[in-house]
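Visitor: Pasting a structure below so you can have a look.
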Amino acid sequence: MQAEQVQRSLPFQPFPLQWRVDQGLYRSEIHLNFVGQGWWEDESNTLLRRNFAIPDSNMFVTTFILSALLEAASLDAIELAPDDQSFHLALDAVLSFKDKNRPAGVPVYSFWPQEKINGTWAANPFVAEIFKSVGLEGFYEECVSIEFAAVVLEGYIKAYHIPADLDDSSVNMALGGMLAAQRDKFPQAYAKWEAVNSNVTGLFELINKFTDLIDPRSYYFMHPFLAQLSQPSLALGCTWLMDLVGDNKTSGVVGMPFHVNNVDMTVISNFLYGTSQAVLEELNGGAAKQYFISHPDFQQVYENSAQAISWAIETGAAAARPDISLLYYPSIYDFLWMAARTARYLNAKGSATNAIPTLARAKDRLTAALKDAGTQQILASAHYDSVGAYWDDFLGDYGQVERGEDRLFSTALAINMLIDVWSVPSTNGSGCKLQWARDVPETIAPLVSGGIAYLRRYLLSGEFELGNAFFSGSMKGDTTAPWSYPATYSHLRNGTALDPITGALPDDAQDWFNLVYGMKGVVPDSTYRKMTDLKWWGNSTPKQFLGFNAPGSAWPYWSSPAMTYAMSLIALANFQALQQCPIS
Numbered sequence: 027m028q029a030e031q032v033q034r035s036l037p038f039q040p041f042p043l044q045w046r047v048d049q050g051l052y053r054s055e056i057h058l059n060f061v062g063q064g065w066w067e068d069e070s071n072t073l074l075r076r077n078f079a080i081p082d083s084n085m086f087v088t089t090f091i092l093s094a095l096l097e098a099a100s101l102d103a104i105e106l107a108p109d110d111q112s113f114h115l116a117l118d119a120v121l122s123f124k125d126k127n128r129p130a131g132v133p134v135y136s137f138w139p140q141e142k143i144n145g146t147w148a149a150n151p152f153v154a155e156i157f158k159s160v161g162l163e164g165f166y167e168e169c170v171s172i173e174f175a176a177v178v179l180e181g182y183i184k185a186y187h188i189p190a191d192l193d194d195s196s197v198n199m200a201l202g203g204m205l206a207a208q209r210d211k212f213p214q215a216y217a218k219w220e221a222v223n224s225n226v227t228g229l230f231e232l233i234n235k236f237t238d239l240i241d242p243r244s245y246y247f248m249h250p251f252l253a254q255l256s257q258p259s260l261a262l263g264c265t266w267l268m269d270l271v272g273d274n275k276t277s278g279v280v281g282m283p284f285h286v287n288n289v290d291m292t293v294i295s296n297f298l299y300g301t302s303q304a305v306l307e308e309l310n311g312g313a314a315k316q317y318f319i320s321h322p323d324f325q326q327v328y329e330n331s332a333q334a335i336s337w338a339i340e341t342g343a344a345a346a347r348p349d350i351s352l353l354y355y356p357s358i359y360d361f362l363w364m365a366a367r368t369a370r371y372l373n374a375k376g377s378a379t380n381a382i383p384t385l386a387r388a389k390d391r392l393t394a395a396l397k398d399a400g401t402q403q404i405l406a407s408a409h410y411d412s413v414g415a416y417w418d419d420f421l422g423d424y425g426q427v428e429r430g431e432d433r434l435f436s437t438a439l440a441i442n443m444l445i446d447v448w449s450v451p452s453t454n455g456s457g458c459k460l461q462w463a464r465d466v467p468e469t470i471a472p473l474v475s476g477g478i479a480y481l482r483r484y485l486l487s488g489e490f491e492l493g494n495a496f497f498s499g500s501m502k503g504d505t506t507a508p509w510s511y512p513a514t515y516s517h518l519r520n521g522t523a524l525d526p527i528t529g530a531l532p533d534d535a536q537d538w539f540n541l542v543y544g545m546k547g548v549v550p551d552s553t554y555r556k557m558t559d560l561k562w563w564g565n566s567t568p569k570q571f572l573g574f575n576a577p578g579s580a581w582p583y584w585s586s587p588a589m590t591y592a593m594s595l596i597a598l599a600n601f602q603a604l605q606q607c608p609i610s
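Just so you know, we're using this note's numbering here: the sequence shown kicks off at 27 and counts up by one.
Right under this line is the structure:
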């Protein structure tokens, strides 16, 4: 894993080709999920999927790797010195992603580095410049349909002007909480984090603001949940820390994709985890906890989010429609683990969690959902061979072909989910730190052991790819086109109303880019059911998930071997701790 860290920054240059890399960050790459059928198409698409990759500088991967190192260190699985140079390089790199449009101390973070454009700091991944500089239009013309390539590239180049987001801000909060929990071990790192993130309540204030206009894909997925609430509300942890007013102010520099906010179940899980850490580790001298306790409206956002996650797990809704429930995290294993680590943390904090009723209710709901339906989903998707147990997701698997390109990543996440749900901190006084819960089903420990055996056999063998789709764009084929779903708000940004029932999507590229199409408020169930039977912009509402490898559905995803190593490190560290602590 450490070999994946960039030790020296290098700028991008087209000739001779040199990709931009930033010191301290762990490597990740943008791929396109090419799939095909027939021997030639399948093999050529496999080569494209694996080998056409653009290195990307983002904070997300590095933040998760720092968290993995801290978790492993807390379990005494690795030695991590307080002044470890690579750790501090990574932490410095992560902290540099703080949104420079916000006041000092407010921990709002951007996925990509920022540059100043017309007085506004904008995310700047250099991807557009890369495409032009190395002539990838020509590459695409030879390899795939140029019309398809143009749509993919143009859409995602525009999408790169994204605002700061709840997801990156939340994983940074969680990192701060983990450093706070081990501040005696890592005083310098914790002090450094606190100095840059001294106003967590400023982030909480922003989260409270942005829940009015929702992406129609998110609403379609969420409607059954909203319809069964006694007081339906869109007060949820939304992805973008921006609204339409802010979007219009920074038009062309920073803006939400499609100019509306959205809801991603995994983003919400990270929001719960980061907020729980901020409150219970009393970040900023307890200011985060005080804000949470004294602001029932913010508690409602937290509670609604916890209810939504529990519902998505209990009903199987997230697993049935990962294309629209997990807009940016296509892996269901990602989602279940991120929900599980929140439940584990809330349970581990015991009386501190129970002292705050909102947190206690979230703990109980998440734990119940994960111990029942969540565990069953993991059990049902397990595979077995002579080595042990493993889990596959979708990368490289097409028809009857199983390449297992994300197998090691998925297996590590499945193990982590099961351990987080079915283990508890040790209280036997023997010095061990983790043990199986008294109510653990008899099938769980052997299954986890089988998964660990699989990781031990293959993780460093080179026999499987270390790939993953830990992150993606929200457009992944026809079922993820937002204009195929019902909406109650359809305007150009200049205020011109457009009728999605009788009209067609704008032909003019500028008008298309300026279309604001979303859901305002909660629609009665009977009304919404009728809406889903209508055609929107001439499209029928997609009511079934066709799979991420449906023909013609190539889409960008982010992959990082370092993330596979990090998730495996967490699994191995926790398993080692469990081995030292038998069931009491």
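Even for Gly, the Cβ is constructed at its ideal location relative to N, Cα and C.
1. Name the one or two DSSP bridge partners that Asn565 has.
2. Quickly, what does DSSP pair Leu541 with across the bridge? List them, please.
3. Whose C-beta lies closer than 8 Å to the C-beta of Ala588 among residues of the same chain, with five residues either side of it excluded?
4. Let me make sure I understand the geometry here. Which of Ile188, Pro577 and Pro108 has the alpha-carbon closest to that of Gln140?
5. What residues match up with Glu55 in a beta bridge as DSSP calls it?
6. Determine the DSSP secondary structure at Trp138, reduced to helix, strand or coil.
7. Does the beta-carbon distance from Val226 to Ala190 come in below 9 Å?
8. Taking the continuous beta strand (DSSP E) assigned at Thr528, which residues delimit it?
9. Find out if the Cβ-Cβ distance for the pair Tyr328, Gly263 is shorter than 9 Å.
10. For Val447 and Asp360, what's the separation of their Cα atoms in angstroms?
11. Can you name the start and end residues of the alpha helix (DSSP H) that Ala149 belongs to?
12. In whole angstroms, what is the alpha-carbon distance linking Tyr182 and Pro582?
13. Ordered along the chain, which non-local residues of its own chain (more than five positions away) have a Cβ less than 6 Å from that of Arg370?
14. Are the Cβ atoms of Met593 and Trp363 separated by less than 9 Å?
15. Tell me where the alpha helix (DSSP H) around Pro451 begins and ends.
16. For Arg34, which residues in the same chain have their Cβ closer than 7 Å to its Cβ, ignoring the five residues on either side in sequence?
17. On the CB-based measure, 16 or more other CB atoms within 10 Å of its CB, does Val177 come out buried or exposed?
18. Do you know how far the Cα of Tyr424 is from the Cα of Arg209?
19. Go through the stretch 340-405 residue by residue and report every complete run of the alpha helix (DSSP H) that reaches 4 residues or more, in order.
20. For the candidate residues Leu604, Val542 and Ser498, whose alpha-carbon lies nearest to that of Ile478?
21. Using CA atoms only, rank isn't needed, just tell me which of Pro242, Gly476, Ser456 and Ser412 is closest to Ala438.
22. Please report the residue range of the beta strand (DSSP E) in which Leu486 lies.
23. Once DSSP output is grouped into helix, strand and coil, what is the label at Ile143?
24. In the DSSP assignment, find the alpha helix (DSSP H) that holds Trp219 and state where it starts and stops.
25. Using C-beta distances below 6 Å, list every residue in its chain close to Val197, excluding the 5 sequence neighbours before and after it, in chain order.
26. Nearest-angstrom Cα distance between Pro512 and Leu518?
27. In whole angstroms, what separates the C-alpha of Pro577 from that of Trp509?
28. Quick test of the definition: if touching needs 3 or more C-beta pairs under 8 Å, does the stretch 402-419 touch the stretch 563-571?
29. Drop a sphere of 10 angstroms on the beta-carbon of Gln325, count the other beta-carbons inside from all chains shown, and report buried for 16 or more, exposed for fewer.
30. Would the C-beta of Val548 count as close to the ligand SAH, meaning under 8 Å from any of its heavy atoms?
31. Using only alpha-carbon positions, find the residue among Leu309, Asp68 and Asn84 that is nearest to Arg46.
32. Between Pro37, Asn494 and Thr341, which lies nearest to Leu421 when the distance is taken from Cα to Cα?
33. Any idea which residues DSSP pairs Tyr410 with across the strands?
34. So, are the CB atoms of Ser302 and Thr368 less than 9 Å apart?
35. Provide the residue span of the alpha helix (DSSP H) that contains Leu460, from first to last.
Guide: The answer reads as follows:
1. Trp562
2. Leu518
3. Met27, Glu30, Gln31, Tyr52, Arg53, Ser54, Val87 and Ile91
4. Ile188
5. Pro81 and Ser585
6. coil
7. no
8. Here Thr528 belongs to no beta strand (DSSP E), and DSSP marks it neither H nor E.
9. yes
10. 14 Å
11. Not the alpha helix (DSSP H): Ala149 falls in the beta strand (DSSP E), residues Thr146 to Ala149.
12. Below a pLDDT of 50, predicted positions are generally treated as unreliable, and Tyr182, at 49, falls in that range; no measurement from the model is reported.
13. Asp446
14. yes
15. It is not in any alpha helix (DSSP H) - Pro451 instead sits in the beta strand (DSSP E) that spans Ser449 to Pro451.
16. Gln49
17. Reliability fails at Val177, whose pLDDT of 44 lies under 50, so the model's placement of it is uncertain and no value is given.
18. 47 Å
19. 343-346, 348-351, 358-374, 377-380 and 383-395
20. Leu604
21. Gly476
22. From DSSP, Leu486 is part of no beta strand (DSSP E); its letter is neither H nor E.
23. strand
24. Pro213 to Val222
25. Thr89 and Asn296
26. 17 Å
27. 20 Å
28. no
29. buried
30. The model depicted lacks the ligand SAH and carries no ligand whatsoever.
31. Asn84
32. Asn494
33. Ala415
34. yes
35. Note, Leu460: premise wrong, no alpha helix (DSSP H); beta strand (DSSP E) at Leu460 to Trp462.
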